[in-house]
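Participant:
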Amino acid sequence: MHTIELFWTLQASANTAGSIERHCKNCGKTVRFTDTNIRRHNANGKNVYRFSIYKCEKGHTWNKKLAIYKSFSEHAEILEEALPIDGDAPEQINISDYLACGIKEVKIIIDHADGRFRIDKLLAEQLVGWSRTQIAQRIKAGLIRLNDQQIKPGVAVSVNDRISILIE
Ligand SMILES: [Zn+2]
1 MHTIELFWTL QASANTAGSI ERHCKNCGKT VRFTDTNIRR HNANGKNVYR
51 FSIYKCEKGH TWNKKLAIYK SFSEHAEILE EALPIDGDAP EQINISDYLA
101 CGIKEVKIII DHADGRFRID KLLAEQLVGW SRTQIAQRIK AGLIRLNDQQ
151 IKPGVAVSVN DRISILIE
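Taking full-length UniProt numbering as reference, the numbering of the sequence shown is continuous, increasing by one, and the terminal residue is 168.
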């Protein structure tokens, strides 16, 4: 059984609902930036950066960094052959791609968490192929576990937590 191990750095999005005051380089002053609700992923070597794109009133953009994912493990070569991490890499965990690589279990280690992250919501955002409802069902069935324990979907993850996801 192939296992892939991922390290996640979680950063909270803006505290203000959808907008934030900050200096705009182009305007030359502090202005209000509004979340466009567009998300972008950039891969750089083995890190994947996730941004949300904000715009000031004049339309200048600012990319707020939301999360950094580092991907490495003793099994990393399996993933890298089939799913290149850089360039056109899939940014999220794509269940069917992982299955196609023979990966049956994904382990995620939270190496930084800035804020509270509900496990079901977090996984729904980062996993492609399963809805939040399906994720909640898998949590309840013990197929998604936190620190080797069966948990409830609303549990929050924190630093050094280990999420394991069986994807068979
Ligand atoms: Zn501006």
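By construction, the Cβ of each residue, glycine as well, lies at the ideal position given by its N, Cα and C atoms.
Treat the numbers as computed from the prediction; the structure is a model and nothing was measured.
1. Between which residues of its own chain and residue 113 is the CB-CB distance below 7 Å, once the five residues before and five after are set aside?
2. Which ranges does the beta strand (DSSP E) cover as unbroken runs of at least 3 residues, wholly within the UniProt domain "RNA-binding S4" (117–168), from first to last along the chain?
3. Which residue marks the beginning of the beta strand (DSSP E) containing residue 23, and which one marks its end?
4. Would you tell me roughly how many angstroms separate the C-alpha atoms of residue 92 and residue 165, rounded to the nearest one?
5. Along the beta strand (DSSP E) that carries residue 112, what are the first and last residues, could you check?
6. Going by beta carbon distance, what residues of the same chain come within less than 8 Å of residue 25, once the five residues before and after it are set aside?
7. Check whether the Cβ of residue 24 sits closer than 7 Å to any heavy atom of ligand 1, and report yes or no.
8. For ligand 1, is there any heavy atom lying closer than 7 Å to the beta carbon of residue 31?
9. Tell whether a beta-carbon distance below 8 Å holds between residue 38 and residue 53.
10. Ligand 1 heavy atoms versus the CB of residue 58: any closer than 7 Å?
11. Any chance you could list the beta strand (DSSP E) runs of at least 3 consecutive residues sitting entirely within the segment 31–62, in chain order?
Facilitator: Let's see:
1. 10, 157, 158, 159
2. 144–146, 162–166
3. 19–24
4. CA-to-CA, the gap between residue 92 and residue 165 works out to about 14 Å.
5. 103–114
6. 60
7. yes
8. Checking every heavy atom of ligand 1 against the Cβ of residue 31, one is found closer than 7 Å.
9. The Cβ atoms of residue 38 and residue 53 sit closer than 8 Å to each other.
10. yes
11. 47–55
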